[in-house]
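Enquirer: Please find one structure pasted underneath; my questions will follow.
Number of protein chains: 2
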Amino acid sequence: MSGDLKDYLKTVVSHVDTALDDYLPFPGEAPGAIHEAMRYTIFAGGKRLRPVLCIAAAEACGGTETLAIKAACAVELMHTYSLVHDDLPCMDDDDLRRGRPTCHKVYGEGMAVLCGDALLTESFTLLAKSEPSEGYTVGEMISELAVAGGSRKLIGGQVLDLEGEGQQLSKEQLLAIHEAKTGALLVSALRLGGMTANASAKQLAALSDFGYSLGLAFQVIDDILDVTQTTKSLGKTAGKDVAANKSTYPSVWGLEESKKEAERLTRDALNALEIFGERGVRLREIAEWMLAREY
Amino acid sequence: MSGDLKDYLKTVVSHVDTALDDYLPFPGEAPGAIHEAMRYTIFAGGKRLRPVLCIAAAEACGGTETLAIKAACAVELMHTYSLVHDDLPCMDDDDLRRGRPTCHKVYGEGMAVLCGDALLTESFTLLAKSEPSEGYTVGEMISELAVAGGSRKLIGGQVLDLEGEGQQLSKEQLLAIHEAKTGALLVSALRLGGMTANASAKQLAALSDFGYSLGLAFQVIDDILDVTQTTKSLGKTAGKDVAANKSTYPSVWGLEESKKEAERLTRDALNALEIFGERGVRLREIAEWMLAREY
């Protein structure tokens, strides 16, 4: 990673963290238990990929971090809720997340369900406080996020994932799951950033293409890492997909083919950025950094 | 109930059901399982109290059913999600709801969590499609619903409820739980209806007062019925509060005092409607009907 990108990420992530700290209810506010749980899961050392992408997309369209930061934080709240619920015993049953015990391990299952519910609801409370841009109302921004998080996308992907457990899926089924489960929210993060910057329809379409390829590339790499890395280096349980007999890119395509697919998707993602010219440099750097993980 | 009110309720409920049927994804749409679960829980024979109140509040402020119906359905989606999650084994662990097996009994726990998530998300998708009124943006309407559904209100009430299980609560604690768990969403349904009708600040405040007293009165009566009625007549497990050693109005105040409290709250609710004059008649009739259950 270039020193310049490193500084950029550090600055943006620190602004996002400060904003989240401002927006979330205080831990001492009643009922204390849920506000503590919300903060435990939000401030768990995540990389804030989605907020960073949201803000960089706004900048690529001529906007600013200031205008995009509420949308950026809203997307992070939605992402975090989905992790909290996916980790539940009745879903993926995960004990570790980002190297720490998952929400239900610390606060119990009932509280983890409510914590996820609250983060999801808060994402809309926050987005509703956004300023509209010239071309987009707050209602349109909310619609963008709600559709991406809905039963056809984010939640639908988790449904397909649950249903596919223990089955050998086809390449198409696997793509459909990841497009819904990972891709939709990345795309939405980028588009929301664009909307705060009054992006043109062409720019929004380019952000969608970029996010689609980036999301899939990221997931392919994630699946590869689950096979090739240790629990410690991942900060979450490694080899879990294989243990759960879950279909992954390596299990469907083989490891070598998966690596080639990751490279192809990465190229597609970068090509989609061409229309942004110089302003798209930051998005390109972030994509290269996201996809350059050791495998 | 007057024949006139009966007709009104029948008509409004049928319009709300048709609208919900239009708005929700088709049961056959992929992933089919979750769309089936969403419809199972939404079309479970609920009384649609919140949508009816939303629409009647709009009319009390000079608005129309047509302008209020998206908000009315959005509130019902949020209410239903909260029931689905509250019924989960890790929460209230309820097998019956409106006389039918609860969502997780039919579709499994993982799907019930996701079904609730999807209903919650869909409530915002739908509300985002509303028309703004002269005085209120769609963002303000979303904020109204999201705050009522958030960790300080609807969800917070469930947290307090979980924490209070097995403990003898004070009068104040019990009020706080019910104001958050039942009252906030009733208030929000009414205020949203008012907002679609471009209500004045005074009218919104009156709707808040009305909803607050109505919600508490309704809960007191619900608690009384849990003691005095059978499972069959309630359509849900009777005597459950006592069995769970849960604090209720009868257990804290005694049965007679609870009945008096219900009457006092009912009077407060009706008094709050005075500023609406003739236009408030429908809200008054609905309140009298809601609170006139046999106990």
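Residue numbers (our numbering), protein chains in the order written: chain Z, -9 to 285; chain S, -9 to 285.
Cβ coordinates follow ideal geometry from the N, Cα and C atoms, glycine included.
Keep in mind that this is a model prediction, so the values were computed, not measured.
(1) Can you round the beta-carbon distance between Leu144 (chain Z) and Ser72 (chain Z) to whole angstroms, since I take them to be within the 8 Å contact cut?
(2) Would you please verify whether the beta carbon of Pro17 (chain Z) is less than 9 Å from any beta carbon of chain S?
(3) Quick one: complete alpha helix (DSSP H) runs, 4+ long, within the stretch 166 to 215 of chain S?
(4) Taking C-alpha atoms, which residue in Z:Ile24, Z:Gln193 and Z:Lys250 lies nearest to His94 (chain Z)?
(5) Indicate whether at least one CB of chain Z lies closer than 9 Å to the CB of Arg142 (chain S).
(6) Given that a residue counts as buried once 16 or more other Cβ atoms are within 10 Å of its Cβ, and exposed if not, what is Asp216 (chain S)?
(7) From Gly35 (chain S) to Thr70 (chain S), what distance separates their C-alpha atoms?
(8) For chain S, check one thing: does any of its Cβ atoms lie closer than 9 Å to the Cβ of Ile24 (chain Z)?
(9) Taking Cβ positions, are Phe114 (chain S) and Ala108 (chain Z) nearer each other than 9 Å?
(10) Check whether the stretch 83 to 91 of chain Z and the stretch 123 to 132 of chain S touch, using three or more Cβ-Cβ pairs below 8 Å as the test.
(11) Specify, as a first and last residue, the run of the alpha helix (DSSP H) that Leu78 (chain Z) falls within.
(12) Considering Cα atoms alone, identify which of S:Phe16, S:Leu43 and S:Leu39 is closest to Tyr30 (chain S).
(13) Would you say the stretch 265 to 283 of chain Z touches the stretch -7 to 13 of chain S, given that touching needs at least three Cβ pairs under 8 Å?
(14) Find the residues of chain S that neighbour Ile132 (chain Z), judging by a C-beta separation of less than 7 Å, and give them in chain order.
(15) For chain S, find out if any of its Cβ atoms is closer than 9 Å to the Cβ of His304 (chain Z); answer yes or no.
(16) Just the C-alpha distance for Ala280 (chain Z) and Phe208 (chain Z), rounded to the nearest angstrom, thanks.
(17) Roughly how many angstroms lie between the CA atoms of Pro79 (chain Z) and Gly53 (chain S), to the nearest whole one?
(18) For the alpha helix (DSSP H) that Cys51 (chain S) lies in, which residues bound it at each end?
(19) Which residues in chain S sit within 7 Å of Ala108 (chain Z), going by Cβ to Cβ distance?
(20) Which residue marks the beginning of the alpha helix (DSSP H) containing Ala237 (chain Z), and which one marks its end?
(21) Who are the Cβ neighbours of Leu150 (chain Z) in its own chain at under 6 Å, not counting the five residues just before and after it?
(22) CA-CA distance, Val103 (chain Z) and Gln163 (chain S)?
(23) Less than 9 Å between CB atoms is the rule here; does Glu99 (chain S) satisfy it with respect to chain Z?
(24) Specify the secondary structure class of Arg257 (chain Z) as computed by DSSP and reduced to three states.
(25) Is Leu263 (chain S) helix, strand or coil when you go by DSSP?
(26) Taking the alpha-carbon positions, what's the Thr111 (chain Z) to Glu124 (chain S) distance?
(27) Pick helix, strand or coil for Tyr144 (chain S), following the three-state DSSP scheme.
(28) State the start and end residues of the unbroken alpha helix (DSSP H) segment that holds Lys37 (chain Z).
(29) What did DSSP end up calling Leu86 (chain Z) once you bin it into helix, strand or coil?
(30) Mind checking which residues open and close the alpha helix (DSSP H) that includes Leu159 (chain S)?
(31) Using the C-alpha atoms, what's the distance from Ser237 (chain Z) back to Leu260 (chain Z)?
(32) Using three-state DSSP, classify Pro91 (chain Z) as helix, strand or coil.
(33) Could you have a look at Phe114 (chain Z) and say whether DSSP puts it in helix, strand or coil?
(34) Check the Cβ of Pro21 (chain S) against every Cβ in chain Z and list those closer than 8 Å, keeping chain order.
(35) Would a check of beta-carbon distances place Thr70 (chain Z) closer than 9 Å to chain S?
(36) Could you compute how far the alpha carbon of Thr186 (chain S) sits from the alpha carbon of Ala179 (chain S)?
Expert: Working from what's here:
(1) 6 Å
(2) no
(3) 174 to 186
(4) Z:Ile24
(5) yes
(6) buried
(7) 11 Å
(8) yes
(9) no
(10) no
(11) Note, Leu78 (chain Z): premise wrong, no alpha helix (DSSP H); not H, not E.
(12) S:Phe16
(13) no
(14) Phe114, Ala118 and Ile132
(15) Since the displayed chain Z opens at -9 and closes at 285, residue 304 (chain Z) lies outside it and no answer follows.
(16) Checking the displayed sequence, the identity of residue 280 (chain Z) turns out to be Met instead of Ala. In a straight line, the C-alpha of Met280 (chain Z) is about 7 Å away from that of Phe208 (chain Z).
(17) 47 Å
(18) Here Cys51 (chain S) belongs to no alpha helix (DSSP H), and DSSP marks it neither H nor E.
(19) Gly140, Ser141 and Ile145
(20) Residue 237 (chain Z) is actually Ser in this sequence, not Ala. First-last for Ser237 (chain Z): undefined, no H or E at that position.
(21) Ile167
(22) 23 Å
(23) yes
(24) helix
(25) coil
(26) 26 Å
(27) In the sequence under discussion, the amino acid at residue 144 (chain S) is Leu, which differs from the Tyr named in the question. Of the three classes helix, strand and coil, the one that applies to Leu144 (chain S) here is helix, per DSSP.
(28) Neither: Lys37 (chain Z) is in no alpha helix (DSSP H) and is coded neither H nor E.
(29) strand
(30) Leu159 (chain S) -> no alpha helix (DSSP H), and no H or E assigned at all.
(31) 27 Å
(32) strand
(33) helix
(34) Ser141, Gly146, Val149, Leu150 and Glu153
(35) no
(36) 11 Å
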